[in-house]
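To start, the structure itself, in structure tokens.
Number of protein chains: 2
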Amino acid sequence: MTLRTLAESLGLSPTTVSRALNGYGDVAQETRARVQAEARAQGYAPNPRARSLATGRAMAIGHVIPADSRHEIVNPVFADFIAGAGETYAAAGYEIVLSVMPEGDEAEGYRRLARSGRIDGLLLQAPRPADRRIALLAGLGLPFVVHGRASEEAAPYGWLDMDNRRAFARATRHLTGLGHRRIALLNGPEGMDFATRRAAGHAAALTEAGIAPDPALVRHEPMTEFYGYTAARELTGLAAPPTAYLTSSLLIAVGVRRAVEEAGLRLGRDVSLVTHDDGLSYLPNGTPGRPLFTATQAPVREMGREAAAMLLSAIAEPGRPPRTRLIEAEWVEGPSTGAAPR
Amino acid sequence: MTLRTLAESLGLSPTTVSRALNGYGDVAQETRARVQAEARAQGYAPNPRARSLATGRAMAIGHVIPADSRHEIVNPVFADFIAGAGETYAAAGYEIVLSVMPEGDEAEGYRRLARSGRIDGLLLQAPRPADRRIALLAGLGLPFVVHGRASEEAAPYGWLDMDNRRAFARATRHLTGLGHRRIALLNGPEGMDFATRRAAGHAAALTEAGIAPDPALVRHEPMTEFYGYTAARELTGLAAPPTAYLTSSLLIAVGVRRAVEEAGLRLGRDVSLVTHDDGLSYLPNGTPGRPLFTATQAPVREMGREAAAMLLSAIAEPGRPPRTRLIEAEWVEGPSTGAAPR
DNA sequence: TTGAAAGCGCTAACAG
DNA sequence: CTGTTAGCGCTTTCAA
Numbered sequence: 034m035t036l037r038t039l040a041e042s043l044g045l046s047p048t049t050v051s052r053a054l055n056g057y058g059d060v061a062q063e064t065r066a067r068v069q070a071e072a073r074a075q076g077y078a079p080n081p082r083a084r085s086l087a088t089g090r091a092m093a094i095g096h097v098i099p100a101d102s103r104h105e106i107v108n109p110v111f112a113d114f115i116a117g118a119g120e121t122y123a124a125a126g127y128e129i130v131l132s133v134m135p136e137g138d139e140a141e142g143y144r145r146l147a148r149s150g151r152i153d154g155l156l157l158q159a160p161r162p163a164d165r166r167i168a169l170l171a172g173l174g175l176p177f178v179v180h181g182r183a184s185e186e187a188a189p190y191g192w193l194d195m196d197n198r199r200a201f202a203r204a205t206r207h208l209t210g211l212g213h214r215r216i217a218l219l220n221g222p223e224g225m226d227f228a229t230r231r232a233a234g235h236a237a238a239l240t241e242a243g244i245a246p247d248p249a250l251v252r253h254e255p256m257t258e259f260y261g262y263t264a265a266r267e268l269t270g271l272a273a274p275p276t277a278y279l280t281s282s283l284l285i286a287v288g289v290r291r292a293v294e295e296a297g298l299r300l301g302r303d304v305s306l307v308t309h310d311d312g313l314s315y316l317p318n319g320t321p322g323r324p325l326f327t328a329t330q331a332p333v334r335e336m337g338r339e340a341a342a343m344l345l346s347a348i349a350e351p352g353r354p355p356r357t358r359l360i361e362a363e364w365v366e367g368p369s370t371g372a373a374p375r
Numbered sequence: 034m035t036l037r038t039l040a041e042s043l044g045l046s047p048t049t050v051s052r053a054l055n056g057y058g059d060v061a062q063e064t065r066a067r068v069q070a071e072a073r074a075q076g077y078a079p080n081p082r083a084r085s086l087a088t089g090r091a092m093a094i095g096h097v098i099p100a101d102s103r104h105e106i107v108n109p110v111f112a113d114f115i116a117g118a119g120e121t122y123a124a125a126g127y128e129i130v131l132s133v134m135p136e137g138d139e140a141e142g143y144r145r146l147a148r149s150g151r152i153d154g155l156l157l158q159a160p161r162p163a164d165r166r167i168a169l170l171a172g173l174g175l176p177f178v179v180h181g182r183a184s185e186e187a188a189p190y191g192w193l194d195m196d197n198r199r200a201f202a203r204a205t206r207h208l209t210g211l212g213h214r215r216i217a218l219l220n221g222p223e224g225m226d227f228a229t230r231r232a233a234g235h236a237a238a239l240t241e242a243g244i245a246p247d248p249a250l251v252r253h254e255p256m257t258e259f260y261g262y263t264a265a266r267e268l269t270g271l272a273a274p275p276t277a278y279l280t281s282s283l284l285i286a287v288g289v290r291r292a293v294e295e296a297g298l299r300l301g302r303d304v305s306l307v308t309h310d311d312g313l314s315y316l317p318n319g320t321p322g323r324p325l326f327t328a329t330q331a332p333v334r335e336m337g338r339e340a341a342a343m344l345l346s347a348i349a350e351p352g353r354p355p356r357t358r359l360i361e362a363e364w365v366e367g368p369s370t371g372a373a374p375r
């Protein structure tokens, strides 16, 4: 079932059929109706490969996974983000092409991807403060949007980020407001832009409260329960242990809760905890209205939808200056905080 | 930079250049070397769209995400599986096309995807015991491999699954061997094939030990910490509470641990727990050699690699009877079990 | 309002 | 061993 066979069975030329189907003007109402009816009846679907070759548009967006990755797709944040983006793409007729980028020559990988013509745009995730991929992609002329930011990148580029600094400052302020002065930060991996911003927010709020940031209370690790557990164990064992914890993910918080309880303390009474939470469907912070932890919550799925929309519009209007969007995290009160330090 | 311009700059015909580049025979050694050198020098990369149209192969594999999904990509199991599969695809020059399937007319969605020519094969995840998608895809003639099985599907089809029944029977047997007689099963969502098989393994091992399965001790829910927590709370409150727990995921186990500890019991002493663990990089069961929980462990990433290989070979040799592969879970001893019931 | 013709960039018979 | 010739299925000028 090709455009041509369909045209023949209608006694029309492929041209007319194509125009009728693609909603171009200059086709008689009646002809268009006939064509559409026949197409539906025969179950005709245009071949995207051919269409793509003819139009030059791939109708697909690239998302990249580093091959070695423990931080990308495997982190449910990215999966939820992609799921959200996928909804937007699907509505616009775009597919997602997931590219597994071999380790090593990253630049060449991106270049190949751009040249390949398989995708019309790229969504970049997990940027570092001085991420080279941004200059690279800008140079390649492939439209892209970054999920997160590269804080040290001077040139303008499109991004959508959560206000990490503000969320962590707010959480810290909440804790200083309760009288806490030793507030540990169990952050994500060092070198990630979001972790840098979170640390900055924490430090700023401490300084604001007249507290000198204590490097011994700030940790950077992959965001797993085990890390939260071991870090909190060590911290509870300090001569002057923290009275409050700020954690970068629910899993870290789970680990902290465990260590704290093993140390004979109770969360929300002896020790306070605020965590960041990406609102993951797979890792819910309790049930709605009944959170497990006090948290700053980001709508990751929604962010995926929105980033995708930004990218699609960048593709549709090349030349436009890139847009940026900063999302505010919500504040969710749970039982894990509220207590003044003992 | 097209094949033609490259050919012109070499003074050869596009045909020869194409053959030289694609490793066909019938090209002089020297010509081939010259062509390859020039291609590299000019940074030539063939246009996959054109190649795809000419060959009829898309060089891409489809993975489907239901639009409503809380069970698919958002579950890190699927993400890790896809990451593994992606490695295999990448090595063979294939991309992953992630299709977000709108809710509702699923069948039509798959049909469209098959007709679209965007993909050469499909990897199906999260099957139900009587999953209609299998007959549908078989009818469409699109090669596919199922991650998991549809137990009630009679016709042969390719699949790769973990031996859920056996893993859960083994875990249960381990617990009955310790003398436990009230062994709760906190399973995954009802209706998923894997959950059905896990329940069957649990029941079989109980029966084998002369214990009548107690429906009150078997639960089905999404695999979150909250579920593990609430279910275990209820179970610890029973007149005759379970002395051991078998859980379908690490997050459930985390919830159980919490409920159990809140009830004043200690895991591994007062109460035993064995969990299933998919070996996720994002949700590690402790660190290697130091697990948090005793577990049956499946190598999900590796399964992804292998399923992808099966699919690629099904694509390469159409007509071959479909292959199937059953993966054994490993047994990992942790501190959460080992105790006889009190 | 419709159709003919010329590609999009590549592969694959078929000759030479 | 190399080149000529047709397509793959669709879009898109340009004429009619």
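So the sequence lines, in the order shown, correspond to chains P and Y. Here the first sequence stands for residues 34 to 375, numbered as in the numbering used here. Here the second sequence stands for residues 34 to 375, numbered as in the numbering used here. Where a beta carbon is used, it is the ideal one built from N, C-alpha and C, also for glycine.
Expressed to the nearest angstrom, what Euclidean distance is found between the alpha-carbon atoms of G352/Y and L175/Y? 11 Å
Looking at the strands, I want to know which residues DSSP matches up with F177/P. L155/P
Y277/Y, buried or exposed, once every other Cβ within 10 Å from all chains shown has been counted against 16: Here the sequence assigns Ala to residue 277/Y, which means Tyr is not the residue at that position. Buried, by the Cβ-count rule.
Less than 6 Å between C-beta atoms, sequence neighbours within five positions excluded: which residues of the same chain meet that for D153/P? R90, A91, I348
7 Å Cβ cut-off: residues of chain P touching L86/Y: R82, A83, L86
Buried or exposed: R291/P, going by 16 or more other Cβ atoms within 10 Å of its Cβ? buried
Can you tell me which residues form a DSSP beta bridge with R323/P? T320/P
Given D113/Y as reference, the closest of A125/P, P99/P, A118/P once Cα atoms are compared: P99/P
Comparing alpha-carbon positions, which option in E267/P, R299/P, E366/P, P374/P lies nearest P321/P? E366/P
Can you give the Cα-Cα distance for L146/P and G119/P, rounded to whole angstroms? 19 Å
What number of angstroms, rounded off, separates the C-alpha of R148/Y from the C-alpha of N80/P? 8 Å
Name the DSSP beta bridge partners of D194/Y, please? L359/Y
Over what stretch of residues does the alpha helix (DSSP H) that includes T308/P continue unbroken? It is not in any alpha helix (DSSP H) - T308/P instead sits in the beta strand (DSSP E) that spans 305-310.
Under 8 Å, with one C-beta from each stretch per pair, do the segment 269-285 of chain Y and the segment 304-312 of chain Y reach the 3-pair mark? yes
Use the C-beta contact count for P248/P: other C-beta atoms within 10 angstroms, 16 or more gives buried, fewer gives exposed. exposed
Which residues does DSSP pair with Y278/P in a beta bridge? A217/P, L306/P
Residue range of the alpha helix (DSSP H) that includes R84/Y: 81-88
Taking the alpha-carbon positions, what's the A123/P to I129/P distance? 9 Å
What do you get for G117/Y, buried or exposed, if any count of 16 or more other CB atoms within 10 angstroms of its CB means buried? buried
List, in order along the chain, the chain Y residues whose C-beta lies closer than 8 Å to that of N55/P? Those within 8 Å of N55/P in chain Y number zero; the least Cβ separation is about 16 Å.
Within a Cβ cutoff of 7 Å, which residues of the same chain sit near L36/Y, ignoring the five residues on either side of it in sequence? P47, V50, S51, P79
For the segment 327-360 of chain P, list every residue whose C-beta sits within 7 Å of some C-beta in chain Y, in sequence order. none
Looking at A296/Y and R266/Y, is the spacing between their C-beta atoms short of 9 Å? yes
Determine, using beta carbons only, whether T320/Y comes closer than 9 Å to chain P. yes
Using CA atoms only, rank isn't needed, just tell me which of R144/Y, F326/Y, P255/Y is closest to W364/Y. F326/Y
What are the partner residues of I94/P, as DSSP defines its beta bridges? I129/P, G154/P
Report the CB separation of L54/P from A66/P in whole angstroms; it is logged as a contact under 8 Å. Not confirmed; about 12 Å, so no contact.
Quick one: is N197/P near chain Y, going by C-beta distance under 9 Å? no
Is R182/P close to chain Y? Criterion is C-beta to C-beta, closer than 9 Å. no
Between the CA atoms of L284/Y and I94/P - distance to the nearest angstrom: 33 Å
Out of R231/Y, G319/Y, R214/Y, which has the shortest C-alpha to C-alpha gap to M256/P? G319/Y
Could you check which residue in I244/P, A183/P, A187/P has the C-alpha nearest to that of R206/P? I244/P
Between A91/P and chain Y, is the shortest Cβ-Cβ distance under 9 Å, so that the two count as touching? yes
Any chain P beta carbon closer than 9 Å to G119/Y: yes
Please list the partners that G150/P has in chain Y, where partner means a Cβ-to-Cβ separation under 8 Å. N80, P81, R82
Under the rule that 16 or more other beta-carbon atoms within 10 Å means buried, what is D138/Y, buried or exposed? exposed
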